[in-house]
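Protein chains in written order, with the working numbering: chain A, 1 to 272; chain B, 1001 to 1272; chain C, 2001 to 2272; chain D, 3001 to 3272; chain E, 4001 to 4272; chain F, 5001 to 5272. Here the structure is laid out as structure tokens; the discussion comes afterwards.
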């Protein structure tokens, strides 16, 4: 049996949907997995240690970075939220993570960015990672911010980052779009593992979908990451198409990569 | 058994070489396949209905578009012909198809364009679909025209188009070039089906070859179409190379994507 | 005094708006200016010879190309027209011109293409001549066709072409857009002269505007043509802005290069 | 005398270095110039009205946007500052401005972005506006954020933005780099005026330097803005080179567009 | 059994590491394999004929090209050497080969170029064959020279070339980098065979690695060569990672494609 | 009077056509101009010191680099010559120069490269400095070599280089092509001065022509050099066109940037 590659990894958002999956996936890679979330976790595995704090708490967030080799940063608001929430959880929270990395000499950050950082590009444009930011929401805007933050910390402080632009990673298909946008949990784990173990990542952006039939984006600039998805949604197509209505190619939610996010109103208007 | 995705599809050029293959391939996709050609067809399958007209006849061509959800437009002159033929069958005929689509609210056109729209690009240039038109014949010029026509009808009238730049789709190998240019009939059917069923195509261009050893063009801009050829010519290589003479890399027919079309004289000169 | 560079030039559309200006401009360049139009011209200058025919008449059109060194092809429908008119005057007519050039060994064609060949590109995209065709009208579509026709006759028959994508060349400002799109008559003459006299043009595309304040397209691929506009609309700005209403940046006629052409309906619908 | 183009413009940061110059420059363009700053202003011109508030105050910032046609947003921290200052003045403050624009139907925002949004690109790379963000400081990072914020408000809410990436706009030369990076105050006014009056800007990025001898960036994607700098630093070269030491081409401050900002440490480390 | 495609092939460097492998691989392709090296070879196979000479000997080198259809040029110094050695073996020697090809009408040269011609590009840049030369050594510089030499002989004399930019092709893993850079001997033979038999190669550049997990370069411009590697280093990963130390992503030897070559000093300094 | 910017500059090829002009141009820039040539020079100006040696003499060439701040390397064969001459004067000679620069800590080399390094690009392609090498002669091939040599010495040893791709710099017009390719002597001096004094050049390539009417190449990647040609050939057009025959646009010497060099045979064939 090979020994784990890392001594200690930090996983933020560990109690969330993807965080829960990643706990399973990262276990073999490290001696200690430090799992962090604002929600306390009690079901710890033998090699896990838990820390509980709000990402908006700079001191606690930075302290959790001590003694770790790499950070898998999946914490923060996972979808569109009012500005104050996005500001605190995603913008301020990620700043605290990078400051923690800087203070404690962490070498690499794997960040759960999102398709929503580029949600206003059209599917037929087949963009690659050189395409400019076009966020589709405050959520997406915060992802753009953290990508640029990682860029700065690479250029100036030498901390490596891989920004994973995850498309859809859910347990169920609730939209036909997921037939092309889905990243299965297993492929998500493969993506994080590849990002952690690639020989050099500098500051890189990788699109995260499984090897689905329709590929709306082109990962040609991420060959050095070594991500090879193994799953496909094709086996679910018949069931999903039978259950869910076909979308109109003229709907913005079909036209743009961001899907239904582009049709969301402004989150601060809700309840007004 | 899943129900067909479409109620009615129109297939033009249905009595031609590829049309005949497509009748087989499209049958499972629709309740009714309206098969059109200037040549009457009598061997109709149960779910087929035939219409017979010349594409140069605007009224008849437009009438045939009524009540269809999508048009698979493979009609017209299939190779180099004198100008008057190209003008009537391909230029005027395709205009009539698009006018029919506009009048009758057809949402999508799948058009049999051709490598001959870009026949004067070199094989070693590995072009993608952004490369400009470089027709190699009046035939190729008419394909360029229809691609631009589809672009206009998308930008102005919202009718989607996929232009299939088919390289070679024949029952026999008559030229070593076909070892790289061949699109098998089964892959041709896959290509049309993918184009009909992709969630959004806007105005797209796809190169149509099988997954052959030599890939002279790059389909990276067609990921959203979801075309995955399953065939390869490799199994025929030994037989073909034994039977047909190797070509000279300095021959224009080897240099350019268009093959022997680039060596054709002007079709209006024939017989003079 | 230097002797004229050319023996005989052919100018089509010579009785039209731009043709009339070009008669003045081309006079010093040739011993004989053959002026052609469907409308008879009687005010001939000493070095002019007139021919009268319809471009749809292949025989007459081809005959007029005999003995000329270069053709300045400004004939045809100058704006949106029903399909039959566009087909005859622009598509068939230009084919006849190129066939005349081929038959009679004419070396170079200067063609009055138009912004409407690329009218559906956005002004903020600052496209160059590599951008694909995006016609905004049947008129624009015919310009795309003739550009591709010229490409074929260059690649296959060695006839050089410069496609002049003229934006607006009118005696009066009738739209604020003309402040950026105008090509003054003098600059139009400079453009044609440069295209006729450049040492080698192969098949080239040049955007035709004066040196106006706002430059929505980039002529970087036309350096070999040597076109240097000398005029600017800036001196007319105050008067034009006082007289004509400002346009809304969200109007399609402001958004797209093609201006009000993008808002035109289909010309074949008129009167229905 | 022509009447002003705008009824009311809002200028933020009006008491700052560039704000003071812009008050002079914007006066002829509008009936009323609403000048805003956290510092009270008492030297108001006849057509000026003053509002005093902190950009971190969302209510006051949004209220100041009422009744204006366009916003010239030059407020916020003008150089590197600790994170909390950058967060409040630049990130939160600019969010408040865009929310004010959205609430009150303001059509266009002209934003004082900065070279520091792209400070880690090398001078010899001659980048254009398609180059990705590479901030050189928290200050630059906040500029990246606001550029993306403007992109979102354009794509989703239709508010136009021009991001002015100003290089150096100071009254004195304090660094030889300014010989290439300087934007004179008069050219800065020209840049803002062009951005306010261009027929359509959508979401655009313009580099802001005068027409200096060395041009480290390429404004080819901003032709539609119509910015034509009139000044050059060349007349000051002899004096500046005599007074200030030549820099080493291997210094990072010479290598990168951001100049001495790339050599700054982290602002939160100061005093520790 | 199919007859060999070629009558006579010339293999230079036939006694070297890769030459020895290629003797095995090329045997089935030709009736006679002329094996050349400065070291005499005695273990000749039945269809081999040996010639022994130094590439610096113009007369002998040219003579060996007589009567061959294609040259597989793997001779010369295979790694960094003092300038005089590089000059004689690689620069002068390759000039003699191309002169031999020109004199004796050889149609195609397959040249063992190297990653070291582009060794100063970064792994995260995922370059393709359009990226400019960035040699990392005198050895790499000589590879650049021969690539340009082949370009000249193609453009001017019509001799085809494929430049194989071989990354690492060794019997053992001596560096973790080889996990991504290795080209197995069998894939090397596939690469040479594909280059010899592609219908047209003009002047082409192909990157030579196996189908390893991490792909630092993009072979998209070599589709016409038809190279499909079949091997991967993944099966050796566990053993190699256990045996060899992980490299630091900040080391130049990890940062740049050229690996440890970028850390070499100047070879002429040795012994001084 | 300003003091000279440099203490000592080395000018190679000082007795040649351009060297003679540069002696005049460089005089004001340095206290001492070391003028080197294989031909002895006796007409020394007060601030000149002469050294006489053959570039093929490594020791002498390196010795001449001692104590200089920058090298203006215009020595070597100035046109097509047999291989042995090119090898010795241009390839070996330039290697000696760069070794001299490395040994003696010279910071910058300005190299007289040539259009002939890219002579096989077509004039209508309007290439920029990213276009790959396409030499048109052994002379051009040697220029490619030295460009790559300078790239290596920049990447590895930190010596800056500007490669000046001079088109034509002659006292007389002997070919109509010179109307677009000419770099006047005064503009040549401006080009060298700009290259010497730009704040940072790294490894850069600049095209060298005057501001002529036809611009076949695009200097957009050289903005950081600050070269602004002041001359134009337009004033000589009438005389030159009257005297020299117009060229055929189908001639290779007109088609390609390299002019008549592309029509040269192989120099080693002469006299055979």
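Where a beta carbon is used, it is the ideal one built from N, C-alpha and C, also for glycine.
Contact with chain A by residue i, beta-carbon distance below 8 Å
i, result
"residue 1010 of chain B", "no"
"residue 3120 of chain D", "yes"
"residue 4176 of chain E", "yes"
Within chain D, the residues that residue i reaches when beta carbons sit closer than 9 Å
i, result
"residue 5221 of chain F", "3124, 3125, 3126 and 3218"
Cutoff 8 Å: residue i Cβ touching any chain D Cβ
i, result
"residue 5104 of chain F", "no"
"residue 2214 of chain C", "yes"
"residue 145 of chain A", "yes"
"residue 5168 of chain F", "no"
Contacts that residue i makes with chain F (C-beta to C-beta distance below 7 Å)
i, result
"residue 3965 of chain E", "This structure leaves residue 3965 of chain E out entirely; chain E is present only between 4001 and 4272."
Cross-chain neighbours of residue i in chain E, by beta carbon under 7 Å
i, result
"residue 1255 of chain B", "4200"
"residue 5095 of chain F", "4083"
Cross-strand partners of residue i (DSSP beta bridge)
i, result
"residue 5233 of chain F", "For residue 5233 of chain F, which the question treats as bridged, DSSP gives no partner whatsoever."
"residue 1007 of chain B", "Looking at the DSSP assignment, residue 1007 of chain B forms no beta bridge with any residue, so it has no partner."
"residue 2211 of chain C", "Answer is none; residue 2211 of chain C lacks a bridge partner."
"residue 2089 of chain C", "DSSP output for residue 2089 of chain C lists no bridge partner at all."
"residue 3073 of chain D", "D:3012 and D:3111"
Neighbouring residues, chain A, relative to residue i (Cβ below 9 Å)
i, result
"residue 1193 of chain B", "Those within 9 Å of residue 1193 of chain B in chain A number zero; the least Cβ separation is about 11 Å."
Contact with chain F by residue i, beta-carbon distance below 8 Å
i, result
"residue 4001 of chain E", "Interpretation of residue 4001 of chain E is limited by its pLDDT of 45, a score under 50 that renders its predicted location unreliable; the figure taken from the coordinates is listed afterwards. Residue 4001 of chain E does not count as touching chain F."
Under 8 Å from the C-beta of residue i: neighbouring residues of chain A
i, result
"residue 1160 of chain B", "249"
Beta-carbon neighbours of residue i, restricted to chain C and to distances below 8 Å
i, result
"residue 3258 of chain D", "Within 8 Å Cβ-Cβ: nothing; residue 3258 of chain D doesn't reach chain C, min ~25 Å."
Residue-level contact to chain B via CB, residue i, 8 Å cutoff
i, result
"residue 2185 of chain C", "no"
Proximity test, Cβ basis, 8 Å: residue i and chain C
i, result
"residue 3288 of chain D", "Residue 3288 of chain D lies beyond the range of chain D shown here (3001 to 3272); nothing can be said about it."
"residue 1098 of chain B", "no"
"residue 3113 of chain D", "no"
Contact set between residue i and chain E, taken where Cβ atoms lie within less than 9 Å
i, result
"residue 5180 of chain F", "Under the 9 Å cutoff, chain E gives no residues; its nearest Cβ is about 21 Å from residue 5180 of chain F."
Check: residue i C-beta below 7 Å from any heavy atom of the ligand COA
i, result
"residue 2032 of chain C", "Only the bare structure without any ligand can be found here, which leaves the ligand COA out of the picture."
Under 7 Å by beta carbon: chain C residues contacting residue i
i, result
"residue 1141 of chain B", "2148, 2149 and 2152"
Contacts of residue i in chain C (Cβ-Cβ under 9 Å)
i, result
"residue 3210 of chain D", "In chain order: nothing, as chain C lies at least about 17 Å away."
**Request:** Go through the stretch 5098-5185 of chain F residue by residue and report every complete run of the beta strand (DSSP E) that reaches 3 residues or more, in order.
**Result:** 5108-5114 and 5160-5166
**Asked** Given 8 Å as the limit, is there contact between the stretch 5113-5124 of chain F and the stretch 4137-4147 of chain E, that is, 3 or more CB pairs closer than that?
**Response** The count of Cβ pairs closer than 8 Å, one atom from the stretch 5113-5124 of chain F and one from the stretch 4137-4147 of chain E, stays below three, leaving the stretches out of contact.
**Message:** If contact is defined by three or more beta carbon pairs under 8 Å, each pair taking one atom from either stretch, is the stretch 2202-2221 of chain C in contact with the stretch 2174-2183 of chain C?
**Reply:** yes
**Item:** Residue ranges of each alpha helix (DSSP H) within the stretch 4001-4065 of chain E, 4 or longer
**Value:** 4017-4026 and 4058-4063
**Runs of beta strand (DSSP E) wholly within the stretch 1213-1261 of chain B (minimum 3 residues, chain order)** = none
**Message:** Measuring CB atoms only, is the stretch 1041-1053 of chain B touching the stretch 256-268 of chain A, in the sense that at least three cross pairs come out at less than 8 Å?
**Reply:** Using a C-beta cut-off of 8 Å, the stretch 1041-1053 of chain B makes no contact with the stretch 256-268 of chain A, since fewer than three inter-stretch Cβ pairs fall below that distance.
**Message:** Would you call the stretch 1084-1103 of chain B in contact with the stretch 1060-1072 of chain B, where contact means no fewer than 3 C-beta pairs closer than 8 Å?
**Reply:** yes
**Prompt:** Should the stretch 5100-5114 of chain F be regarded as contacting the stretch 5066-5076 of chain F, the criterion being three or more beta carbon pairs within less than 8 Å?
**Reply:** yes
**Message:** Would you call the stretch 238-253 of chain A in contact with the stretch 150-160 of chain A, where contact means no fewer than 3 C-beta pairs closer than 8 Å?
**Reply:** no
**Asked** Using 8 Å as the threshold, is the stretch 5020-5027 of chain F in touch with the stretch 5187-5201 of chain F, meaning 3 or more CB pairs across them?
**Response** yes
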